[in-house]
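Enquirer: Before anything else, here's the structure in question.
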Amino acid sequence: MNTAPDRAAASAALPAELPASVTAPRLRRVSAPVRFATRLTRLSAHAVRGQRIIQNRFPELSDTEKRQHIRDWSAQLLHLSGLALQVNGTPLQTPSLVAANHVSWIDIFAINAVQPVRFVSKAEAAQWPLIGPLVRGVGTLLIERERAQDVVRVIHQMAQCLQQGHHVGVFPEGTTSYGHDLLPFHANLFQAACVADCPAAVQPVVLFYADQRSGRFSRAASYVGDETMVGSLWRMSAAAPLRVEVDYLAPLRAPTRRALTQQTRDAIAEHLHQRLRDSR
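Structure, rendered in structure tokens:
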């Protein structure tokens, strides 16, 4: 749930072999408005249910039970959004820094539906209507990005979480793209996996949104530029049935954050571009 880049930056990042303008899905005008209204209503009710679980049940639950609730709630959110989930590869069971490409507001829930992680997110997300209490309640690590020194505090928190056996999630691009290429990666947060006594490896994750029938790339779920969550949900409702693919790649280790950042970006970029070639 990070801020989106301007559209010029996203277009500049397109790979040479792909067209700059990937066509948006054709609207299915008869049923799309009904589907959109139904999904928006059900998702709002689902968010309220999530708040009640956090407020009334979480204080008495173990970490394992909390993770199960987060997994189930996230999987149900994907279902209510009309998205099928496909998982490839295996998430690490040992503590890991999960680093993924960032396409949509759906991304966090897609990963949490497989294996819940404590994501790093901008502090403003905790104040969002409906979503804010959920962001706070599931242990999100909040960062005030306008304060450079706050990064040091969050890196320390991340390292502590990893040492305590948690999985921590980051979107190294720092913002969203259309999903068919990567923006530059920021190296700062990778420092948490380079601390001398930290047991965690980095696990790259590729998120790919596709037409459910053809398997071809779709940008219907993208959340870029001045897009809103409601606008994104409308595009998803108007598109052909979608699926989100969550691909877990081989874990990585490196002695420095810059080396780790580059290795992670290379692994995600190679897998993403191969998936795009396969879907043509």
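Heads up: take any position in the sequence shown, counting from 1, add 474, and you land on our numbering. We treat Cβ as the ideally placed atom computed from N, Cα and C, and that holds for glycine.
So, for Phe-593: in the same chain, excluding its five sequence neighbours on each side, which residues have a beta-carbon less than 6 Å away from its beta-carbon?
Expert: Excluding the 5 residues flanking it on each side, Phe-593 has same chain C-beta neighbours closer than 6 Å at Ile-582, Thr-614 and Gly-643, in chain order.
Enquirer: Under a three-way DSSP split, which group does Phe-645 fall into?
Expert: coil
Enquirer: Taking the alpha-carbon positions, what's the Gln-567 to Tyr-683 distance?
Expert: 25 Å
Enquirer: Might you give, ordered along the chain, the residues of its own chain that have their beta carbon closer than 6 Å to the beta carbon of Gln-665, omitting 5 neighbours on each side?
Expert: Ile-629 and Arg-731
Enquirer: Distance, Cα to Cα, Val-591 vs His-641?
Expert: 5 Å
Enquirer: Output needed for Arg-509: all residues of its chain with C-beta closer than 6 Å, excluding positions within five of it in sequence on either side, in chain order.
Expert: Ser-711
Enquirer: When you compare only the Cα positions, how much space is there between Ala-724 and Leu-746?
Expert: 14 Å
Enquirer: For the candidate residues Lys-596, His-576, Val-698 and Ile-544, whose alpha-carbon lies nearest to that of Val-679?
Expert: The alpha carbon of Val-679 has as its nearest neighbour, out of Lys-596, His-576, Val-698 and Ile-544, the alpha carbon of His-576.
Enquirer: Between the C-alpha atoms of Ala-587 and Pro-658, what's the straight-line distance to the nearest angstrom?
Expert: 27 Å
Enquirer: Let's test the definition: count the other Cβ atoms within 10 Å of the Cβ of Trp-708 and tell me whether it reaches 16, buried, or not, exposed.
Expert: By the 10 Å Cβ count, Trp-708 comes out buried.
Enquirer: Can you name, in chain order, every residue of its own chain whose Cβ lies under 6 Å from the Cβ of Met-632, other than the five neighbours on each side?
Expert: Val-642 and Ala-666
Enquirer: Near Gly-639, which residues of its chain fall below 6 Å by C-beta distance, leaving aside the five closest residues on each side in sequence?
Expert: Pro-569
Enquirer: Take Arg-513 as the anchor and find which of Ala-600, Ala-574 and Met-703 has the nearest alpha-carbon.
Expert: The option with the nearest alpha carbon to Arg-513 is Met-703.
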